[in-house]
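Participant: All letters in the sequence shown, in the order written, are residues 1 to 278 by UniProt numbering.
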Amino acid sequence: MSAMSSSTKTVKAPTLTERMTALERLLEASMASTTRSITELREEIDTKSDQVAFLSAELEKRDNIINSLTADLKKLMDLFSSSRDRADAKTYAEAAATTKPDVNPLICELRSRKIARDREIHKKDFTVVLIGMPEEAEEDLNNKCMKILEPEGFGASDVDSIFRHGELHPGKERIVKVRLHRKEHQDRVKRLLGRSAICKFARDDLTIDELSMDRQLRKQCREMNENSTDGTKFVVRDLMIYKKKTSHTSGSGMVFNVSDGKTATLNAIENVVQEKKQ
Numbered sequence: 001m002s003a004m005s006s007s008t009k010t011v012k013a014p015t016l017t018e019r020m021t022a023l024e025r026l027l028e029a030s031m032a033s034t035t036r037s038i039t040e041l042r043e044e045i046d047t048k049s050d051q052v053a054f055l056s057a058e059l060e061k062r063d064n065i066i067n068s069l070t071a072d073l074k075k076l077m078d079l080f081s082s083s084r085d086r087a088d089a090k091t092y093a094e095a096a097a098t099t100k101p102d103v104n105p106l107i108c109e110l111r112s113r114k115i116a117r118d119r120e121i122h123k124k125d126f127t128v129v130l131i132g133m134p135e136e137a138e139e140d141l142n143n144k145c146m147k148i149l150e151p152e153g154f155g156a157s158d159v160d161s162i163f164r165h166g167e168l169h170p171g172k173e174r175i176v177k178v179r180l181h182r183k184e185h186q187d188r189v190k191r192l193l194g195r196s197a198i199c200k201f202a203r204d205d206l207t208i209d210e211l212s213m214d215r216q217l218r219k220q221c222r223e224m225n226e227n228s229t230d231g232t233k234f235v236v237r238d239l240m241i242y243k244k245k246t247s248h249t250s251g252s253g254m255v256f257n258v259s260d261g262k263t264a265t266l267n268a269i270e271n272v273v274q275e276k277k278q
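Written out as structure tokens, the structure reads:
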């Protein structure tokens, strides 16, 4: 009996202080995790809020275009109604002697503008533009891009064409356009190629007005970087100016704060509008 008792080890229960210390450590870890989650949620909310604001502005612009076209259509309807009333007032002999009027030039202009705009937007929704891709005398653009896209599930049936665009200037590479068969692939292809080593970055295919806005934003971004006193850097992505962060990293090596781009983007839009008025 004494042998058994001597072989049994006594387990020392933790003291109250040790229990409190362990509990404090557990609470600190839990609070740190909760704080990180809250910070990430706030950043995501800020991003979504600015995306909603940008989309609202786009919808407002489209509404203005629709209202303008509606007003033009009303003028045309009034013109047709007036012409029809005058035609009804003619005698049969006068009507028979009247030559067939030409098609109203305003109708032709509106129709051609709409067709051109629809075709341009349709093509650009299917296109990704690569910036800063070195240009070689003999290059296989398709092979370079597909080496990145194929491991992610994209095949030849998803890509319509890959080609250089623009005039060739010594010492300056032309942009590369990747045209897709389905526009729902545009964002993912832009992200994959833009984060790869074959180019500096990738963007959407921009219209003439959007290119003008992009130039305004890049000019403003350069001025902001030159005037920055605390080392903060700004970049332009997708017609927005973003503040470049260094505390966190993403797949592209940086995180951008969308909220900082709203004012700069609106200023660029106003500059483009003023240029058109002049």
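Where is the CB? At the ideal position from N, CA and C, for every residue including glycine.
1) For residue 199 and residue 148, what's the separation of their Cα atoms in angstroms?
2) Compare the C-alpha of residue 130 against each of 29, 42, 178 and 15 and name the closest.
3) Use the C-beta contact count for residue 216: other C-beta atoms within 10 angstroms, 16 or more gives buried, fewer gives exposed.
4) What do you reckon, are the CB atoms on residue 159 and residue 180 nearer than 9 Å?
5) Are the beta-carbon atoms of residue 241 and residue 224 separated by less than 9 Å?
6) Return the residue from the list 239, 168 and 161 that minimises the CA-CA distance to residue 207.
7) What residues are listed by DSSP as bridge partners for residue 203?
8) Could you pull the DSSP bridge partners for residue 241 from this structure?
9) Are the CB atoms of residue 186 and residue 125 within a distance shorter than 9 Å?
10) Rounded to a whole number of angstroms, what is the C-alpha to C-alpha distance between residue 99 and residue 74?
11) What's the gap between the Cα of residue 140 and the Cα of residue 161?
12) Quick check: the Cα distance between residue 203 and residue 22, rounded to an integer number of angstroms?
13) How would you label residue 183, buried or exposed, when you count the other beta carbons within 10 angstroms and need 16 or more for buried?
14) So, is residue 52 buried or exposed, given that buried needs 16 or more other C-beta atoms within 10 angstroms?
15) Taking the alpha carbon of residue 170 as the reference point, which residue from 191, 190 and 134 has its own alpha carbon closest?
Facilitator: In this structure, then:
1) Rounded to whole angstroms, residue 199 to residue 148 spans 12 Å at the Cα level.
2) 178
3) buried
4) yes
5) yes
6) 239
7) 129
8) BP columns for residue 241 point to 236.
9) yes
10) Confidence at residue 99 is low in this model, with a pLDDT of 48, below 50, so the placement of that residue is unreliable and no value is reported for it.
11) 12 Å
12) 51 Å
13) Under a 10 Å Cβ-count criterion, residue 183 is classified as exposed, with fewer than 16 other Cβ atoms of the shown protein chains found around its own Cβ.
14) exposed
15) By alpha-carbon distance to residue 170, the top candidate from 191, 190 and 134 is 134.
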